[in-house]
Structure formats: C-alpha cells, structure tokens
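Peer 1: Submitted below is the structure of interest, expressed as structure tokens.
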Amino acid sequence: MTVHLTRRQLVVSATGVLGVALLGTGCSAAGDPAGPTGPSPSGTPSGPASPAGSPVASPSGAAGPAAAAGLRWERADLSFVSAYLLVRGSEVAIVDLGTAGSDGAIRQVLASIGLGWDAVRHIVLTHRHGDHVGGLAAVAPQVRATVYAGAQDVAAIDSPVPIAGVRDGQEVFGLQVIASPGHTAGHICIFDPATGVLVAGDALRTTAGLAPSDPQFTEDAAGAAASVKRLATLPVRVILPGHGDPLTEGAAEALTRLAATL
Ligand SMILES: [Zn+2]
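Quick look at the structure:
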C-alpha cells in the first residue's frame, strides 16, 4: 500500500500547500537556508543511500530490510522546520507538528504511505516552541493519540488536549525519551535503539553542517552543550533535526566530532 513518491515530490507537495508561515514564536532564523529550495544532495536518504542489509530506518520506497526492522520514518518538510512520522506497520507516532497550518502537509505525507489520521496514536513534542507545536490545535481533534512533551515544557504549550509530561528514560511507542535540556528546559529527543534513528528536535540542527542548538533561541547554552555530549554517547545512525535536512550518512562520526568541540 506504499506509494512510491520520491523525496522531491514530497517536498514539493508539502511546500506547495503551506507556503512559509514564519511566526514570532519560532526558533529558526528567517534566513534559514533549509527553506523552500528543498533538500540538499546530502538530504536524500532514499534509495541507495541506505546500504543493502542496513537496519537503518528509511523513508518509504526503501522497502525490505528497513521495513523488517520494524520502524521507518518519513519527513514532512514544512519549509523551514520539519515534522517526522515514525511508522511501525500501520501505526504512526508524529514527532513535532510545525507551525499552525502544518496539518495539511502532514496529512499529505500520511496519505503518501497509504495512511490517515486514524493511524496516528502518538504525538511527541520535542519542546514548547511555536514552530514545533503550532500544528497541535488543528491536528489534535483529528487523531486518537496521546500527546507527550518534556515535563518541564508542558505548562508552556497551548493545547486543546491534555499533554502527558515525560522524562528521561521513559518509552513511547518503543522509542526512548532522551532528556536534552538547554534549548528549553523540557526539551526531549526521541531515539530508536533498534535502528539508531534520533529525532533531535532543536538540540541539533543541520542547516549549515551538524551544529548544536541555535544560540539565538537557547535558554541555557551550557545545558545545551551537555545535552549534545550526552546524545553523542548514543549509537546514533540517523539524525532527524527540526531544522535542516536529515543526516543519514556519517551521523555518529559527525556527532562525535561536534561533541568534542563543546
Ligand atoms: Zn526551538
């Protein structure tokens, strides 16, 4: 039932629906180079980028070993920020929801893999910033999902539904919650130990090479640096950042190098 869209088709459809809705509560500069121009060549993880036999999760279209590993991911490219769909069979967890108005683009990505809102049972918000939680008001009424966020960010998120506060070490949908404070106090990342996929929120970005939380939007720089060092201890194989393209090649090495500079 998978629709074999190419990465570029997904990007075009997403940006075509949305346009750019940059809100004042965001945490990415307006000049963000990961804008409507689409992914860089390094951001095309489909096809041969995943070696045969690799357990690394990959977008739909790369069937086989990735699917057998039980988790695959899809990116909803929302122009300057991304949401990620983590898929096991016909059940989906969405990590982050973009700005208000992002629901249409996210629904398109769901449709591209033959699923709808009813498949979404978990929504994880990496942190409280508007460009990551803005889509919640429109998405929440359409799904039967539990919504999670880091316990220390929950109170600051405007939500039409209750949000479950989670802490380091908890598990959601078979995924590990990794507390990564600094960007915000309650920032969390989501890590899948089976595939090495790290959904990094704003703890990491790839808008100009792998980098830590943007200082312009970071509450606690020392905490953010410590969080990167912590993330570098994980067996990471793929980094899915809030801003910038997914890093699917050399992610562990890049993260180790980055951590050593902090
Ligand atoms: Zn942010």
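If you're matching positions, the sequence shown starts at 35 in the working numbering and goes up one per residue.
From the three backbone atoms N, C-alpha and C, an ideal C-beta is built for every residue, glycine too.
This structure is a prediction, so every number in the text was calculated from the model and none was measured.
With a threshold of 7 Å, establish whether the CB of Phe251 neighbours any heavy atom of ligand 1.
Peer 2: Flag set: Cβ of Phe251 near ligand 1.
Peer 1: Between the C-alpha atoms of Arg141 and Val173, what's the straight-line distance to the nearest angstrom?
Peer 2: Their backbone Cα atoms lie some 9 Å apart in a straight line.
Peer 1: Buried or exposed, going by whether 16 or more other CB atoms sit within 10 Å of the CB of Ser124?
Peer 2: With fewer than 16 Cβ atoms within 10 Å of its Cβ, Ser124 is classed as exposed.
Peer 1: Looking at Asp236 and His161, is the spacing between their C-beta atoms short of 8 Å?
Peer 2: Yes, the pair counts as a contact, with Cβ atoms nearer than the cut-off.
Peer 1: By DSSP, does Pro215 sit in helix, in strand, or in coil?
Peer 2: Residue state, collapsed to three classes: coil.
Peer 1: Is DSSP giving Arg239 helix, strand or coil here?
Peer 2: In this structure, Arg239 counts as strand in the three-state DSSP scheme.
Peer 1: Going by beta carbon distance, what residues of the same chain come within less than 6 Å of Leu209, once the five residues before and after it are set aside?
Peer 2: Ile224 and Asp226, listed in sequence order.
Peer 1: Under 8 Å by Cβ, that's how I've got Val206 and Gly199 pegged, so tell me the actual separation to the nearest angstrom.
Peer 2: The Cβ separation is near 12 Å, so there is no contact.
Peer 1: What are the boundary residues of the alpha helix (DSSP H) that includes Ile140?
Peer 2: Its alpha helix (DSSP H) spans residues Asp137 to Ser146.
Peer 1: Between the C-alpha atoms of Leu119 and Tyr182, what's the straight-line distance to the nearest angstrom?
Peer 2: Going from the Cα of Leu119 to the Cα of Tyr182 covers about 15 Å.
Peer 1: Taking only three categories from DSSP, how would you classify Ser261?
Peer 2: Ser261 falls in the helix class under three-state DSSP.
Peer 1: State yes or no: is the C-beta of Leu236 nearer than 7 Å to some heavy atom of ligand 1?
Peer 2: According to the sequence shown, residue 236 is Asp rather than Leu. Correct: Asp236 has its Cβ closer than 7 Å to ligand 1.
Peer 1: Considering only residues of the same chain and omitting the five flanking positions on each side of Glu283, which have a CB-CB separation below 6 Å?
Peer 2: Once the five neighbours on either side are set aside, Glu283 has no close Cβ partner at all.
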